[in-house]
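Heads up: the sequence shown begins at 39 in our numbering, then just goes up one per residue.
Just so it is clear, CB atoms sit at the ideal spot from N, CA and C, and this is done for glycine as well.
Bear in mind that the values here come from a model prediction, so they are computed numbers and not experimental data.
The next block holds one structure in the form of structure tokens; read it before the comments.
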Amino acid sequence: GHASLCYPSALLGVEYVHEAMEHPVIGPFLDALQQNEIIPTVGPVPNVSLPEYWTLVEKRFANPTIMDTIPRICFGGASNQPKFIVPAVVDLLEAGRNVDGFALVSAMWCRYCQGKTEAGEDIAPNDPQWDRLQATALKASKDPVAWLNELTDVYGDVSKHPEFVASFSKALNMVQTQGVEAAMGEYTENTRKQAGSSAISTALEAATSAAAIEEAKA
Numbered sequence: 039g040h041a042s043l044c045y046p047s048a049l050l051g052v053e054y055v056h057e058a059m060e061h062p063v064i065g066p067f068l069d070a071l072q073q074n075e076i077i078p079t080v081g082p083v084p085n086v087s088l089p090e091y092w093t094l095v096e097k098r099f100a101n102p103t104i105m106d107t108i109p110r111i112c113f114g115g116a117s118n119q120p121k122f123i124v125p126a127v128v129d130l131l132e133a134g135r136n137v138d139g140f141a142l143v144s145a146m147w148c149r150y151c152q153g154k155t156e157a158g159e160d161i162a163p164n165d166p167q168w169d170r171l172q173a174t175a176l177k178a179s180k181d182p183v184a185w186l187n188e189l190t191d192v193y194g195d196v197s198k199h200p201e202f203v204a205s206f207s208k209a210l211n212m213v214q215t216q217g218v219e220a221a222m223g224e225y226t227e228n229t230r231k232q233a234g235s236s237a238i239s240t241a242l243e244a245a246t247s248a249a250a251i252e253e254a255k256a
């Protein structure tokens, strides 16, 4: 969760995690990402409902007494992405699932490493590899694939996967041209539409099955 909300928060000038959770775009984006791309990669946990567990984590993130800062959780992206983001992307790709949300998270990290907030304020170096990351991010501002090609130590084989490359490139272009709020908002809305379509399909299947049973009885 932290690795997904920290970079858009920094780019928008949000200072604390609880403020990010209150943000009208960041909070819903994180929830959509959890439901659509994070929870599906977690295996069954005995006696634990993962959606209910996420609700508890969400409340902790939103707790203003913790005062967890955005710069703290932004630190060390080059080490954190391979631990928390890339393994989930690998699982999703192997399962044939959508990775647009995680691609957007990576795109926002890249945009963060360019060193300016959306308001034009400087972002202080915040990674042991900052010089390398910033140089690569600035190159990616014109050629998004450069970010993946030059950070194979972060992304591994994911950096060459056609679906992730396409999703990342689209996300970075949108972040740079329309901003992180527009990019997150589009993902959240698309996720809601997909969930609605899935629910309708399930209901139709159930109704069709029930009708078939009744017809068989007749």
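Give the DSSP bridge partners of residue i, in chain order.
i	result
Leu154	The question names Leu, but residue 154 is Lys in the sequence shown. Answer by DSSP bridge pairing, in chain order: Asp160.
Thr107	Tyr54
Over the uninterrupted alpha helix (DSSP H) stretch that includes residue i, give me the two end residues.
i	result
Glu60	55-60
Asp69	64-71
Ser117	115-118
Lys177	168-178
Glu132	124-132
Asp191	190-193
I need the straight-line Cα distance from residue i to residue j, nearest angstrom please.
i	j	result
Ile77	His199	22 angstroms
His61	Leu50	10 angstroms
Ala175	Leu189	10 angstroms
Trp185	Val86	38 angstroms
Leu142	Asp169	22 angstroms
Lys121	Thr93	23 angstroms
Pro84	Gly158	48 angstroms
Glu219	Lys97	22 angstroms
Gly65	Val203	26 angstroms
Nearest to residue i by CA position, among the options, is which residue?
i	options	result
Ile111	Lys208, Ser47, Gly223, Glu188	Ser47
Cys44	Ile108, Gly139, Val124	Ile108
Met212	Gly134, Arg149, Glu53	Arg149
Ala178	Asp69, Tyr225, Ser144	Ser144
Leu130	Lys231, Glu227, Asn74	Asn74
Val137	Ser207, Gln216, Glu57	Ser207
Gln167	Gly194, Phe113, Arg230, Glu224	Phe113
Pro125	Gly223, Asp165, Gln214, Val196	Val196
Thr215	His56, Lys180, Glu227, Asp191	Lys180
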